[in-house]
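In my numbering, the protein residues as written are 2 to 320. For each residue, glycine too, the CB sits at the ideal point set by N, CA and C.
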Amino acid sequence: MQIAKSKILEKRQNYRDISDLKSGIEVIDSVFNEYISNERQATKLWTGCEWAEGPVFLEKNNCVLLSDVPNNRILQYDIKSKITTIFREPSNFSNGNTVDLEGNLITCEHQTNRITRTDNKNNIVTLVDNYKGKRLNSPNDVVVKSDGTIWFTDPPYGILSDREGNKRESELNGNYVFKFDPNSKELKIVFDQCDKPNGLAFSPDEKILYVADSGEPENILAIEVNQNGTILSNPREFGKVSPGIADGFRIDSLGNIWTSAWDGVHCLSESGNLLGKIFIPEQRTANLVFGDLNYKTLYIAGDTSLYSIKLNIKGYTNK
2 MQIAKSKILE
12 KRQNYRDISD
22 LKSGIEVIDS
32 VFNEYISNER
42 QATKLWTGCE
52 WAEGPVFLEK
62 NNCVLLSDVP
72 NNRILQYDIK
82 SKITTIFREP
92 SNFSNGNTVD
102 LEGNLITCEH
112 QTNRITRTDN
122 KNNIVTLVDN
132 YKGKRLNSPN
142 DVVVKSDGTI
152 WFTDPPYGIL
162 SDREGNKRES
172 ELNGNYVFKF
182 DPNSKELKIV
192 FDQCDKPNGL
202 AFSPDEKILY
212 VADSGEPENI
222 LAIEVNQNGT
232 ILSNPREFGK
242 VSPGIADGFR
252 IDSLGNIWTS
262 AWDGVHCLSE
272 SGNLLGKIFI
282 PEQRTANLVF
292 GDLNYKTLYI
302 AGDTSLYSIK
312 LNIKGYTNK
């Protein structure tokens with residue numbers, strides 16, 4: 002069914018003053034002009050979320066799914082009809098989403114502390130929900146490597162309060178980046194040096210894993226991946242965003258990083274230089290994804306709404 006706009010809670014944390022909100026773009030390096038199409042401003046497609054997160058493009062359905070975390074649901078925006086419907090409710094306070102190599106939906110769920118796979122018949126299968134018998138915290142964001150392994154972050158946000166999951170004590174002694182092999186069912190900690198690991202993505206050659214740390218020191222790390230993809234080493238600070246912090250991000254086909262920030266989306270070069278910004282008129286921007294059949298449209302999860310802007314550059318996919 003088509004859904005009406007939900008009521009936004011009146012008591013919300015003010016991330017930015019309303020007077021600071023603006024639209025459009027800012028070109029910092031002239032190369033950014035080559036990446037932006039004639040659309041010089043993001044278009045609002047739908048509004049009504051309390052907190053939008055985890056957008057993912059489903060090619061087989063030509064739609065974008067979007068987690069509305071506190072409202073405990075996943076929304077579906079149909080690209081052709083431009084109609085938004087409820088895809089899943091309740092969603093177990095879902096957050097990050099991606100697709101596996103077969104195009105199946107992979108979802109992070111806070112409430113059930115698990116990673117799930119949804120098949121073509123909408124059957125939901127638990128892939129992993131514990132590490133050596135201890136419940137995961139609240140899986141946050143997820144990416145699938147070209148070998149089919151599933152890498153995800155596990156900060157505590159979904160267990161800090163009932164607003165994003167269920168408040169409880171952590172059973173783990175840290176907040177980790179995990180790698181899950183769906184064939185062997187093996188779950189490994191691959192990185193343990195983040196305060197609160199959040200968004201993550203691989204470079205196009207998969208030699209670098211980028212991880213946003215939304216705790217201290219609020220930066221994006223670039224971490225080397227060894228040849229067989231089993232060991233992460235030599236972490237270095239890749240960059241920071243301002244205003245706010247990096248949450249979710251994606252990589253384009255040239256290796257540039259398109260990351261969320263409080264004022265919208267920032268485009269960073271492979272060396273970490275800020276190339277330009279896409280402003281989103283919301284108090285914060287949480288996540289984004291490349292979509293459409295040519296992967297040249299950026300779909301952006303603003304605080305309460307879904308936006309899009311067409312680009313001249315293609316998003317990286319591991320297909």
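Query: Buried versus exposed call for L294 [16 or more other C-beta atoms within 10 Å across all chains shown]; Result: exposed
Query: Classification of D120 by the beta-carbon crowding that lies within 10 angstroms, buried from 16 upward; Result: exposed
Query: D264 versus T286 - alpha carbon distance; Result: 7 Å
Query: Residue range of the beta strand (DSSP E) that includes E165; Result: Segment: none, E165 is in no beta strand (DSSP E) and carries neither H nor E.
Query: Range covered by the beta strand (DSSP E) that runs through E54; Result: 53-59
Query: Per-residue DSSP class, three states only, for D253; Result: strand
Query: Residue(s) in a DSSP beta bridge with V266; Result: S261, I279
Query: Contacts around Y177, its chain only, beta-carbon distance under 6 Å, and the 5 residues preceding and following it disregarded; Result: D155, I190, D193
Query: Spatially closest choice to C109 from I80, K81, I75, by CA coordinates; Result: I75
Query: Where N124 falls, given that 16 or more other Cβ within 10 Å makes a residue buried; Result: exposed
Query: Sequence-distant residues of its chain with Cβ nearer than 6 Å to R136 (five each side left out); Result: N114, E172
Query: Backbone CA spacing between G316 and D69 [nearest angstrom]; Result: 24 Å
Query: N- and C-terminal bounds of the alpha helix (DSSP H) containing E35; Result: 32-36
Query: Helix, strand or coil at Y78 [DSSP, three-state]; Result: strand
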